Amino acid sequence: MKKRSHAGMAFLRVQLGITQQQLADEVGMSRSTISMGELGIRPMPARVTNYLLGVQELAQQNALPERASAPQRHSVATKRAPYNRIRFSNRGASGAKRQISTLNRYKSILNDVEIRMVGEQLKQRWINGGNSIGSAAAREELMIALQHKQTLLQGQLNMAEQDKATAPEQARQIRANISLLKAQLKVSRQLYKQQPAMRKKFRKRIASLYLKKLKAQEQLEKYNKSATKKIKQRIEELTAQLDAVGKLREQIEGKQEIKVDD
-6 MKKRSHAGMA FLRVQLGITQ QQLADEVGMS RSTISMGELG IRPMPARVTN
44 YLLGVQELAQ QNALPERASA PQRHSVATKR APYNRIRFSN RGASGAKRQI
94 STLNRYKSIL NDVEIRMVGE QLKQRWINGG NSIGSAAARE ELMIALQHKQ
144 TLLQGQLNMA EQDKATAPEQ ARQIRANISL LKAQLKVSRQ LYKQQPAMRK
194 KFRKRIASLY LKKLKAQEQL EKYNKSATKK IKQRIEELTA QLDAVGKLRE
244 QIEGKQEIKV DD
């Protein structure tokens, strides 16, 4: 993979709609480590870079072709935009005053940012095309948002499943490394006592080995029963979210028609 600057990785993360805390939870690192990597204080961990590039690749594979932009129509700027008045049903509406329903009913699937993005895209269509957008435009924008959501969820699910599959082997390697460090510490402490003239050298070596052992033990905590249970729960949550998004897409494609209240 091509190397990217710390600023480039931060821009890519924002483009993908992933917060630092979400990224930290996915790759199993602290948010401060990612923040320092984006600021250029420390090198960006390869695990973070690979995760972001993997999600970007999935997004590019599922991206829809860009829509041709129409010239701006400034004359309609004073009219009230209907982009925030999306209708999913005419039930209960009257000729004098229609009942308006919004995307809030889908907050269990789409978060506030994604709902706002759908509204902004409809607003842009309304500005470009005048008061002529209808159910097809609203439906297409919602489907784009759902597809983007599905791509991100699939990338997160793939990463979680990979963590689950590699966890036993990673834990085994870390335990073996800890055993080796303990053996080296034992030998170094014996030499420290037996060779007074070289105590300064062995003191540094003991300190270095002890720090390595502490870091290895800290890494091993990521693969204990509690951490493994959290990974399994994360996989179940992501699978449920993917199923919900897929069912909603099928529902919109097959049964529901989105209408815009002009």
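In case it helps, the working numbering puts the sequence shown at residues -6 to 255.
The C-beta atom is built at its ideal place from N, Cα and C for all residues, glycine as well.
Fair warning: this is a prediction, and the values are worked out from it, not measured in the lab.
If we count the other Cβ atoms within 10 Å of its Cβ and call it buried at 16 or more, is residue 246 buried or exposed?
exposed
Leaving out five residues on either side along the sequence, give the residues of the same chain with a beta carbon under 8 Å from the beta carbon of residue 30.
-1, 2, 36, 37, 38, 41
What are the boundary residues of the alpha helix (DSSP H) that residue 208 is part of?
192 to 213
Taking residue 25 as part of the alpha helix (DSSP H), name the residues at either end of that continuous run.
24 to 32
On the criterion of 16 or more Cβ atoms from any shown chain inside 10 Å, does residue 243 qualify as buried, or is it exposed?
exposed
Starting from the C-beta of residue 235, find all residues in its chain whose C-beta is less than 8 Å away, skip the five residues before and the five after it, and write them out in chain order.
143, 146, 147, 150
Quick one: give me the first and last residue of the alpha helix (DSSP H) that residue 42 is part of.
39 to 54
When DSSP labels each residue in this structure, what does residue 10 get in the three-state scheme?
coil
With DSSP run on the structure shown, which of helix, strand or coil describes residue 21?
coil
Thinking C-beta only, is residue 202 closer than 9 Å to residue 181?
yes
Use the C-beta contact count for residue 4: other C-beta atoms within 10 angstroms, 16 or more gives buried, fewer gives exposed.
exposed
By Cβ distance, which residues of its chain are closer than 7 Å to residue 192, with the 5 residues on each side in sequence left out?
185
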